[in-house]
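Engineer:
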Amino acid sequence: MLKTLHNRMASRSAFWNDRYETDAFVYGTAPNAFVKEAADRWLAEPSEILDLGAGEGRNAVFLAARGHAVTAVDFSSAGLQKVERLAADAEVAVDARRADVTTWQPDRTWDAVVVTFLHLAPPDQTRLYRLIRDALRPGGVLIAEWFRPEQITGGYDSGGPPDIEKMVAPDDLREAFPEAGIEHLAAGYPHLDEGPHHAGEGATVRLVWRRPNSD
Numbered sequence: 342m343l344k345t346l347h348n349r350m351a352s353r354s355a356f357w358n359d360r361y362e363t364d365a366f367v368y369g370t371a372p373n374a375f376v377k378e379a380a381d382r383w384l385a386e387p388s389e390i391l392d393l394g395a396g397e398g399r400n401a402v403f404l405a406a407r408g409h410a411v412t413a414v415d416f417s418s419a420g421l422q423k424v425e426r427l428a429a430d431a432e433v434a435v436d437a438r439r440a441d442v443t444t445w446q447p448d449r450t451w452d453a454v455v456v457t458f459l460h461l462a463p464p465d466q467t468r469l470y471r472l473i474r475d476a477l478r479p480g481g482v483l484i485a486e487w488f489r490p491e492q493i494t495g496g497y498d499s500g501g502p503p504d505i506e507k508m509v510a511p512d513d514l515r516e517a518f519p520e521a522g523i524e525h526l527a528a529g530y531p532h533l534d535e536g537p538h539h540a541g542e543g544a545t546v547r548l549v550w551r552r553p554n555s556d
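Using the working numbering, the letters of the sequence shown map in sequence onto residues 342 to 556.
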C-alpha cells in the first residue's frame, strides 16, 4: 500500500512539474479574482497567511505585496521555483515550502488560509479540509474557490480536472465546515482570466469560513 501511495504521489508531482516547467506562467501572474476581492473584506492587515496548493505563486505574491506574511505550500518543485521568481520580481518575501497537502502536518497555525482550485480525489479532499481547519488559528479565516460538478456536466472548458469526483459542491463544504462559521458560500459562473489553463466562463463555488474562537 505504501508503495502504491508513493507511486501515486510521484505521478501527481511529475504531472505538475511538467506543466510548470516553462518560462510562461500557465495560470498567469495576477491573483485569483475572488482572493483579490475577499482580501479587502476578510483579511486583517497584516496577517500570517497559508496558501495551500500555491502553484506558481500568483496569490501568494499578491498577498505578500499587501504586507501579509505568506507561506506558500506546493509539492511541485517547478512551481515553487516560479513562486520564488515571481516574488523576486515583485521584491517581496514568500516562504515557499515543498510539501504534499494530503500528508503534510504543519507544526504551527495561521491567521488565514487561501485555497484556489486545489482538486483532489475524495479521500484526499477530506484530508485537505481537515488540514485547513487545523491550520487556522481561532478566529482565522479560509478564502477558497473550487470548480463545481457543473463544470463537467455543463460542458464548460475553462479548466479543472476531467474527473467529476474531484469537483466540489456547496453541500460538500457545508458538511466539511461547520455552518456557524460560514460567512460566504456561493455557487456562480464567473469569467476566468487566469492564464491559458483557466480561461472563459466556469462553474465554481466560493467559500469564506471563519474558525470559531472556541471549538
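Every residue, glycine too, gets a C-beta built ideally from N, C-alpha and C.
Predicted, not measured: the structure shown is a model, and the values here were computed from it.
Ignore the nearest five residues each way along the sequence and tell me which others in PRO372's own chain have a CB closer than 7 angstroms to its CB.
Structural biologist: ARG399, ASN400 and PHE403
Engineer: Measure the alpha-carbon distance for ASP381 versus SER418 and round it to whole angstroms.
Structural biologist: Going by the C-alpha atoms only, they are around 30 angstroms apart.
Engineer: For ALA365, count neighbouring Cβ atoms within 10 angstroms of its own Cβ and tell me buried if that reaches 16, exposed if not.
Structural biologist: That one is exposed.
Engineer: Looking at VAL433 and ALA410, is the spacing between their C-beta atoms short of 8 angstroms?
Structural biologist: no
Engineer: Does the Cβ of HIS347 have 16 or more other Cβ atoms within 10 Å, making it buried, or fewer, making it exposed?
Structural biologist: With a pLDDT of 45 at HIS347, under the threshold of 50, the predicted position of this residue should be treated as unreliable, and no value is reported.
Engineer: Tell me which residue opens and which closes the beta strand (DSSP E) that PHE488 is part of.
Structural biologist: 477-488
Engineer: Taking the alpha carbon of THR457 as the reference point, which residue from GLU535, LEU421, ARG438 and TRP451 has its own alpha carbon closest?
Structural biologist: GLU535
Engineer: Are at least three pairs of beta-carbons, each pair with one atom in the region 482-492 and one in the region 422-430, less than 8 angstroms apart?
Structural biologist: Under the Cβ criterion (8 angstroms, minimum of three pairs), the region 482-492 does not count as touching the region 422-430.
Engineer: Short of 7 angstroms in beta carbon distance, which residues of its chain neighbour PRO463, apart from the five on each side in sequence? Order them along the chain.
Structural biologist: GLU506
Engineer: Let me make sure I understand the geometry here. Which of ALA395, PRO531, ILE493 and GLY522 has the alpha-carbon closest to that of ARG552?
Structural biologist: GLY522
Engineer: Just to confirm my understanding: we take TRP550, look at its own chain, exclude 5 residues before and 5 after, and list those with CB closer than 6 angstroms. What are they?
Structural biologist: LEU483, PHE518, GLY522 and ILE523
Engineer: DSSP puts ASP534 in a beta bridge; with which residues?
Structural biologist: ALA540
Engineer: When you compare the region 463-478 with the region 525-532, are there three or more beta-carbon pairs, one atom per stretch, that lie closer than 8 angstroms?
Structural biologist: no
Engineer: The ligand NAD and ALA374: does the residue's C-beta get closer than 7 angstroms to at least one heavy atom of that ligand?
Structural biologist: As for the ligand NAD, it is missing from this structure, which has no ligand bound.
Engineer: So the alpha helix (DSSP H) GLY420 belongs to, where does it begin and stop?
Structural biologist: Per DSSP, GLY420 belongs to the alpha helix (DSSP H) from 418-431.
Engineer: Alpha carbon to alpha carbon, how far is VAL509 from ARG438? Give it in angstroms, no decimals.
Structural biologist: Their Cα atoms are separated by approximately 26 angstroms.
Engineer: If I measure Cβ to Cβ from TYR361 and keep anything under 7 angstroms in the same chain, skipping five residues before and after, which residues do I get?
Structural biologist: VAL367, GLU397, SER417, ALA419, GLY420 and LYS423
Engineer: Within the continuous alpha helix (DSSP H) that includes VAL376, where are the two ends?
Structural biologist: 374-383
Engineer: CA-CA distance, ALA544 and ALA374?
Structural biologist: 14 angstroms
Engineer: What are the boundary residues of the alpha helix (DSSP H) that includes ARG515?
Structural biologist: 511-517
Engineer: Taking just the CA atoms, how far does ALA540 sit from LEU391?
Structural biologist: Distance from the CA of LEU391 to the CA of ALA540, rounded to the nearest whole angstrom, comes to 25 angstroms.
Engineer: In angstroms with no decimal places, state the Cα-to-Cα distance between GLU378 and ASP452.
Structural biologist: 18 angstroms
Engineer: Name the residue from TYR530, LEU514, VAL454 and VAL546 whose alpha carbon lies nearest to the alpha carbon of ALA385.
Structural biologist: Distance from the Cα of ALA385 is smallest, within the candidate group TYR530, LEU514, VAL454 and VAL546, for VAL454.
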